[in-house]
């Protein structure tokens, strides 16, 4: 793109633009749905922990499967998924045991995973420009393969959310009571962690490891300011997440800015606007 | 079953009732070696009773509640709810309406009163199912029973403390329970609100043929409204008709909570709690109550049974 064509023109004529838009909307939607639980269960730090730990997973995947002569994107992606889910479950297990507090457990695991990542990157015999894609995201570089992965993961997460909607609502609202009524709260907690890990893995290409935690907090926090019911908060959060993704993509196209960061700024401006508007009515 | 017949023919406690909703026999629970919370608790709750369980903080009240719910498993002894061990209640668990201690209602949690009430029905539905219409209607009816139907769509966090409590009662009632289990329900509710709350309970008990078990450290209120009283301080010290319990017995059993007793003495007249109602003749503060000297804070409280609980393991740390 040497000259700055119109967004709709680009969308109509360039396949990479269509893929970018679809990826942005899907990731925006799934992250903002999960952000409802992240905000209400105060899991923001867990989200940040898993996303940073994902760096270790990406580095491990690159080291094992895209190193020297080897090149297996599938192996690389699977390694990242397994690594992130494992870290998420480890964080969950360590914080439930009660020997370390939850925030210490997160701090320990995410630092260790990142350290592993740094070491593996240094040990790899290849130029590591592709690593920057995972750190800061590059939505225009989304390949059809990435898009299929995003579709599959967001589909899986939305199915899980739909299947456990009532149960997760109860668990989020009143864990003790949900347990007393016989709901499997441990299973629900771990399901949330797994969904977070899956979502973070597929969001990396779009927003990057560094900024994905914003996707998992800001839409939910914005929706909470306006919501008059749990279901309402879920709907508003998804609307905010998708709108911010569209606005951010269009803005990044015209201003030639990094897409992930631009979407986060759009989310942030929405949050500011909503909190200013709701302050007056309170 | 066989074991049970033997126990009753032996007449261990002499309080066996055929229609007992809750029955415990030599029930023990320990959090770990030497950390005994309950020992030799023998308690029978016949259908239709309003039982108040009083006792000092740390006396094992909430532990007993969690055992009844099947949330904890006894270290020794036996507990039966609706005739079976609570862990095997399965779907009948929904027949226990439960109001937890200090419910963790986040003030800013976006959940409406009706959503909060419906949640108690979710466990029965199973995953994948959408919230059915009948549950919504049932929740609305139950909110009407506690006088909150007009606030069904308001956020729980925006309701007053007393209104929130009524929503939580509606939540406990939405499954048409036979047993209503309340753990310190009046904490943080003002005196006027407490009286209204107890009146509501009495009305519900009549309307819905409920058996009520309430754990509390508020001696005055529970003594006025409950039909039977039990004092729990590691074990049950007495367990009888509320109007036969004397002040001395309460003092003996709860001898460790001095502050509570001073407050109690300020409020209660004569040797009876039930029916006294009249607080003008309260004995002067501090009379007649002497905390035991040089004893463990829990006191021996006239323990009749020697400690013989084996140490157990936590189901939940």
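Chains as they are written, first to last, in the working numbering: chain G, 173 to 454; chain W, 1219 to 1535.
Where is the CB? At the ideal position from N, CA and C, for every residue including glycine.
In this text the structure is predicted, and so the values were computed from the model without any measurement.
Collapsed DSSP secondary structure at residue i in the structure displayed
i: residue 1452 of chain W; result: coil
i: residue 1218 of chain W; result: Since the first and last residues shown for chain W are 1219 and 1535, residue 1218 of chain W lies out of range.
i: residue 1418 of chain W; result: helix
i: residue 486 of chain G; result: No information on residue 486 of chain G is available, as it lies outside the stretch 173 to 454 that chain G covers here.
i: residue 379 of chain G; result: helix
i: residue 1300 of chain W; result: coil
i: residue 1389 of chain W; result: helix
i: residue 1350 of chain W; result: coil
i: residue 1327 of chain W; result: coil
i: residue 390 of chain G; result: helix
i: residue 186 of chain G; result: coil
i: residue 1428 of chain W; result: coil
i: residue 1270 of chain W; result: strand
i: residue 1437 of chain W; result: helix
i: residue 436 of chain G; result: helix
i: residue 245 of chain G; result: helix
i: residue 305 of chain G; result: helix
i: residue 1315 of chain W; result: strand
i: residue 1333 of chain W; result: helix
i: residue 1365 of chain W; result: coil
Candidates the options, of which the one nearest residue i by Cα
i: residue 328 of chain G; options: G/349, G/367, G/407 and G/273; result: G/367
i: residue 1395 of chain W; options: W/1252, W/1310 and W/1272; result: W/1310
i: residue 381 of chain G; options: G/205, G/308, G/283 and G/263; result: G/308
i: residue 1403 of chain W; options: W/1336, W/1283 and W/1253; result: W/1283
i: residue 313 of chain G; options: G/360, G/190 and G/437; result: G/190
i: residue 215 of chain G; options: G/238, G/263 and G/184; result: G/263
i: residue 232 of chain G; options: G/295, G/331 and G/432; result: G/295
i: residue 1289 of chain W; options: W/1304, W/1275, W/1317 and W/1296; result: W/1304
i: residue 1433 of chain W; options: W/1286, W/1265 and W/1237; result: W/1286
i: residue 182 of chain G; options: G/450, G/437 and G/422; result: G/422
i: residue 177 of chain G; options: G/424, G/209 and G/242; result: G/424
i: residue 1379 of chain W; options: W/1314, W/1250 and W/1331; result: W/1331
i: residue 359 of chain G; options: W/1345, W/1452 and W/1264; result: W/1345
i: residue 283 of chain G; options: G/268, G/305, G/293 and G/259; result: G/259
Rounded straight-line distance, which links the Cα of residue j to that of residue i
i: residue 255 of chain G; j: residue 336 of chain G; result: 24 Å
i: residue 302 of chain G; j: residue 196 of chain G; result: 19 Å
i: residue 219 of chain G; j: residue 394 of chain G; result: 17 Å
i: residue 1253 of chain W; j: residue 276 of chain G; result: 28 Å
i: residue 1338 of chain W; j: residue 378 of chain G; result: 39 Å
i: residue 1343 of chain W; j: residue 1427 of chain W; result: 25 Å
i: residue 1326 of chain W; j: residue 245 of chain G; result: 44 Å
i: residue 1300 of chain W; j: residue 1242 of chain W; result: 11 Å
i: residue 426 of chain G; j: residue 342 of chain G; result: 44 Å
i: residue 234 of chain G; j: residue 371 of chain G; result: 20 Å
i: residue 250 of chain G; j: residue 221 of chain G; result: 20 Å
i: residue 281 of chain G; j: residue 417 of chain G; result: 30 Å
i: residue 346 of chain G; j: residue 1383 of chain W; result: 14 Å
i: residue 1441 of chain W; j: residue 1272 of chain W; result: 9 Å
i: residue 290 of chain G; j: residue 228 of chain G; result: 8 Å
i: residue 274 of chain G; j: residue 1261 of chain W; result: 39 Å
i: residue 334 of chain G; j: residue 1265 of chain W; result: 40 Å
Residues near residue i in its chain [Cβ-Cβ closer than 6 Å; skip 5 each side]
i: residue 391 of chain G; result: 204, 207, 409, 412 and 413
i: residue 257 of chain G; result: 366 and 369
i: residue 373 of chain G; result: 252, 253 and 256
Chain C within 8 Å of residue i, Cβ atoms only
i: residue 1290 of chain W; result: As a matter of chain content, chain C is missing from the structure shown, whose protein chains are G and W.
Expected contact under 8 Å - CB spacing of residue i and residue j to nearest Å
i: residue 1247 of chain W; j: residue 1239 of chain W; result: Rounded, the Cβ-Cβ distance is 20 Å, inconsistent with contact.
i: residue 1269 of chain W; j: residue 1259 of chain W; result: No, residue 1269 of chain W and residue 1259 of chain W are not in contact; Cβ-Cβ is about 13 Å, not under 8 Å.
i: residue 1450 of chain W; j: residue 1277 of chain W; result: 5 Å
i: residue 344 of chain G; j: residue 212 of chain G; result: 5 Å
i: residue 1373 of chain W; j: residue 1329 of chain W; result: 7 Å
i: residue 455 of chain G; j: residue 286 of chain G; result: Any property of residue 455 of chain G remains undetermined from this structure, which presents chain G solely from 173 to 454.
i: residue 1448 of chain W; j: residue 1393 of chain W; result: Contact doesn't hold; Cβ gap of about 26 Å is too wide.
i: residue 1334 of chain W; j: residue 1385 of chain W; result: 6 Å
i: residue 1381 of chain W; j: residue 1369 of chain W; result: 7 Å
i: residue 1341 of chain W; j: residue 355 of chain G; result: 5 Å
i: residue 1349 of chain W; j: residue 1388 of chain W; result: About 16 Å separates the two Cβ atoms, so there is no contact after all.
i: residue 1307 of chain W; j: residue 1390 of chain W; result: Residue 1307 of chain W to residue 1390 of chain W, Cβ: 16 Å. No contact.
7 Å Cβ shell around residue i - same chain, five flanking residues per side excluded
i: residue 1423 of chain W; result: 1268 and 1430
i: residue 1367 of chain W; result: 1358 and 1361
i: residue 397 of chain G; result: 446, 447 and 450
i: residue 193 of chain G; result: 183 and 421
i: residue 430 of chain G; result: 308 and 424
i: residue 1454 of chain W; result: 1259, 1260, 1261 and 1448
Cβ neighbours of residue i in the same chain (closer than 8 Å, five flanking residues each side left out)
i: residue 1443 of chain W; result: 1268, 1270, 1416, 1419 and 1420
i: residue 316 of chain G; result: 191
i: residue 439 of chain G; result: 386, 387, 390, 391, 394, 412, 413, 416 and 420
The ligand FMN heavy atom lying under 7 Å from the CB of residue i
i: residue 278 of chain G; result: You won't find the ligand FMN in this model; it holds no ligand whatsoever.
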